[in-house]
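Report on the structure given below.
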Amino acid sequence: MVILNSANKVSSQTMKIIFSALLVLVLFIVSCKSTEPGKPNLQNNPSPKNAPAIDLYHGSYTKTFDLIHTKLEIKPNWQNKELYGQASIQLKPHFYSSDDLVLNARGMEIHSVALEKDGLEMQTTFRYENNLLRIKLDKFYSKDDTVEVIINYTSRPDLLPEGGSAAIRKDKGLYFINADGSDPDLPTQLWTQGETESNSVWFPTIEDPGQRMTQEIYLTVDSGFKTLSNGLLLTSIANPDGSRTDYWKQTLPLAPYLTMIAVGDFAIVRDEWRGKEVSYYLDKNYEKYANMIFGLTPEMMDFFSEKLDVDFPWEKYSQVVVHHFVSGAMENNTAVVHGTNMQQDPRDFKDYNYEDIISHELFHHWFGNLVTCESWANVTLNEGFASYGEYLWREYKYGRENADVFGQLDQSIYLKASKKTDAPLIRFRYEEREDVYDAISYQKGARVLHMLRKLIGDDAFFTSISNYLKAYKFSTAEFHQLRIEFEKVCGQDLNWFFDQWYLKSGKPSLDISTNWDMGQNSLIISIKQIQDLKKNPVYRLPMDVDFYFGSKTVRKTIVLDSLKQDFIFNFEEEPKLVNVDAEKSLLLEKKSENKKTTNWIFQYQHAPLYQDRYEAVEALSKTYKVKSPESEIILQALNDKNPSIRLLALRNVKELALNAAEQVKPILVHLAQNDSDSFVRAMAYEALGEYYSFKEFSDFFSKAIPDYSYYVEATVFEIISSKDYELAITLSDTLEPDSSATVLSVLASFYSEHPDLEKFDFYKRAVRKSSGWSQYRIINYFTTWLKSQKVALIREGSEILLSLGLKTNSKHIRNNCTASLIRLQNELTERIKSIKKSQTQKIINKADGESVSIDEVDLIQLESLSKELESKIKLLEKKT
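Okay, so the sequence shown: first residue is 1323 according to our numbering, each after it adds one.
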């Protein structure tokens, strides 16, 4: 699963460095949250009020019954936003005999429950309460018996209380989108989101990642719709009433949370991989871009199959884009669901793309789907691996340099998140299941796997994870079983590694100093662990150290396992550079080194890795002066092969731009016009706008609009709008037809500062065409603009905000619509107060001949609208 949150996942918002752009691709923390107690394997009973705090331990669920097979016959009722279903579920007792079966069934109406006996249905008694369906069986069934129950039910997702989490915004399992077709900008769709435990909203099951089942789904829909589900579509049968029944069959067992359906008027673009279907479902107006967006999927399947020595194991691989998706993406078995952020035109795609999400969800089909975490406490076995799959794909496709930028970003995301919370990777204690879907399970999990890879070597690492997949395929595992597979291969005890990185929270920080003893011809490396020991353990850290002697490099391996250690090496001459953690694999919060300027310069020019150069530029940027050796490195870095380092140099170009303006100006102009990376170009434009005369560059900026890059366009327009209002007005007409949320957002910001501009139609379109955090910002700008408008426009604008707030699946958007209506109401309150204080009484005549002041007319209108806003606010608050 991929997670989206405001801190680390954006769509088209302003991004000042490439890391921000990659955040669009990376983070992603995704799942569903259920606040319902409907769990047949509850480990703790509810506590009475004022009872002592209970231990929040959450291990694997107790298995009373094992799922075997589920057959669903389902049909949506679009008018009522319900789903009518019959579920035939085969199970067997796990070990102990039982005559009492408990299933999860959230928010349903249960019509009947029967047992299948020799081809006949035998009605049986049941009790349905607290989202649990308790079925009395006709006898005690042993572990060698199979029982089949047949349940007729209605799923009513929209009657459930609204749950959700930071990882996934809602947890109602089944989502009707524009069911009545009233929104012309939104297709009519139906889709599901099961992780973590929300599929029981639309079919009875046992919500447990440790369960496995095969399945059949008979899905009846209007003939104009396309459907998608797990496994293969075996038949499509037209019905007399104009509907169609599609029969989907999943023959290989999957966990219940991976079951899905999607219904809509999709365009379908088909590909293939080794004779298996690969398909892409998306809006028809993006059909022509499907291969641009998803076209690397077959190559990814080849790469992962070969790298893991386990072929893609499932029947097909489909990806579908749905509207108002409640998370980033979801790895439903053979049928991945994406949000509409995936749908890009070539200009968007040029700025950034979502290849990382595609590789993440695909890698889940080995880690998460083929082998599933035994409990949510072990979810990093799913998500840490899927996140590392993103790194592996980049490393293969674009080289280590590219992958290491991504790895550095992963590390920075985790470090930022850890300032708020820093739990262990394996978390048996949490308040809500979705708490574990975070930068710890994802980004830290990926970086810990990378450390393990560097510790034992590539051959041992990939052999171990291949063996893990083969040993536990179509089953579950916990982290101890992963450790054992590594130990079997490498022959080493790895308890210490898994203990400090998986079972303990925190991360190390190092202070590193080197000293050359000329008399002894020895080099002393002193390393201190300086992390807060109240929150972090003392770590055992094996690492490589490279010693550079001109063209010769010597590598040594050391193990730091104390708070402070000295490592002594004898050489004939002093090294020009000592590069501790030469592979840059350690997960460190801080690293301080006593390197000299000459060491950093040598590191930039001679050390092989991206992080080596990045560290050097970062260190040399802190205090450099013009015409110094350090400044020469900054100039070199402006033309570095890696755009991330070019961006780092641009962020630190101020000293050169102010004191060597003519020297650096042509470099900035060249970068702005010609760099291959949109974000480098944009930052070069920003530097020219900040450090040079706008008058000198006004024509240069003007010619950048229009530009192939939406992001460059938006950045240049921001510069112009802050310097030259008239020019900005002229250029805004050129930009308004753009559909990119990046461009719409900067225009919305500009217009909000100039409420005299008649831009209601623009805002109306911008709110409709944007989504996610771009839409959130545009709502704010729209509200600021509306505050200065007349009553009629405020009323019309409030209708837009109300409609959006009622229809959206995003709590953030709904809350922002509510807050915006409150802002408008506060504005009206101030106007009302002002009128009441006013002494001006201009008289006009009413139609009936009575006299009334203009102020009085305004007051009546304002008070009336204020009451309307109050009603709208209450409607949204009730919805929330």
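Idealized CB from N, CA, C, for every residue including glycine.
Around the CB of E2149, 16 or more other CB atoms lie within 10 Å, so the residue is classed as buried. Spanning the alpha carbons of I1411 and A1427 requires a straight line of approximately 13 angstroms. Burial is judged here by how many other beta carbons sit within 10 angstroms of a residue's own beta carbon; N1858 has at least 16 and is buried. Here the segment 1682-1690 makes no contact with the segment 1741-1758; the two share fewer than three CB pairs at distances below 8 angstroms. In this structure, V1693 sits away from S1763, with a CB-CB distance that is not shorter than 8 angstroms.
Per DSSP, the beta bridge partners of E1599 are E1594.
For the 8 angstroms CB-CB criterion, I1680 and L1618 form a contact. The alpha-carbon of M1535 is positioned some 45 angstroms away from that of Q1933.
Annotation note: the segment 1782-1811 contains the following uninterrupted beta strand (DSSP E) runs of length 3 or greater, listed N- to C-terminal: 1797-1799.
Between T1514 and I1499, the gap from beta carbon to beta carbon reaches 8 angstroms or more.
The criterion of a C-beta distance shorter than 8 angstroms is satisfied by L1910 and K1829.
Nearest to E1653 by C-alpha distance, out of Y1639, H1645 and M1664, is Y1639. DSSP places V1876 in the uninterrupted beta strand (DSSP E) bounded by K1874 to L1882. The C-alpha of F1820 lies about 16 angstroms from the C-alpha of V1811. DSSP lists V1881 as the beta-bridge partner residues of P1864.
Per DSSP, N1724 is not a residue of any beta strand (DSSP E); the alpha helix (DSSP H) it occupies stretches across R1722 to S1740. For A1938, the enclosing alpha helix (DSSP H) stretches over residues Y1932 to L1942.
According to the DSSP secondary-structure assignment, M1323 is paired through a beta bridge with no residue.
Segment contact: the segment 1968-1981 against the segment 1948-1955, three or more CB-CB distances shorter than 8 angstroms; contact assigned. The beta carbon of I1390 lies closer than 7 angstroms to those of Q1412, L1413, K1414, T1468 and M1535 in the same chain, with the five residues before and after it left out. Here the alpha carbon of P1526 sits roughly 34 angstroms from the alpha carbon of N1789. Under the three-state reduction of DSSP, I2051 is assigned to helix.
At the C-beta level, T2140 and E2199 come within 8 angstroms of one another. When the five nearest sequence neighbours on each side are left out, the beta carbons in the same chain lying within less than 8 angstroms of the beta carbon of L2124 are those of C2139, L2143, K2194, L2197 and L2198, in order along the chain.
When DSSP reads this structure, Y1639 sits in a beta bridge with V1600. Taken through DSSP and simplified to helix, strand or coil, N1892 comes out as strand. A direct Cα-to-Cα measurement between D1997 and E2058 gives close to 26 angstroms. In this structure, DSSP gives M1444 an extended state, which the three-state scheme calls strand. Excluding the 5 residues flanking it on each side, L2181 has same chain C-beta neighbours closer than 6 angstroms at I2157, in chain order.
Per DSSP, reduced to three states, the secondary structure at D1744 is coil, with no helix or strand assignment. When DSSP states are grouped into helix, strand and coil, G2094 belongs to the helix group. The DSSP-derived three-state label of V1435 is strand.
Counting only residues of its own chain and dropping the five nearest sequence neighbours on each side, T1875 has a CB closer than 8 angstroms to the CB of D1868 and F1869.
In this structure, DSSP gives H1391 an extended state, which the three-state scheme calls strand.
The alpha-carbon of S2160 is positioned some 10 angstroms away from that of I2154. Distance check between W1524 and each of Q1925, K1494, A1782 and F1547 places K1494 closest, using alpha-carbon atoms only.
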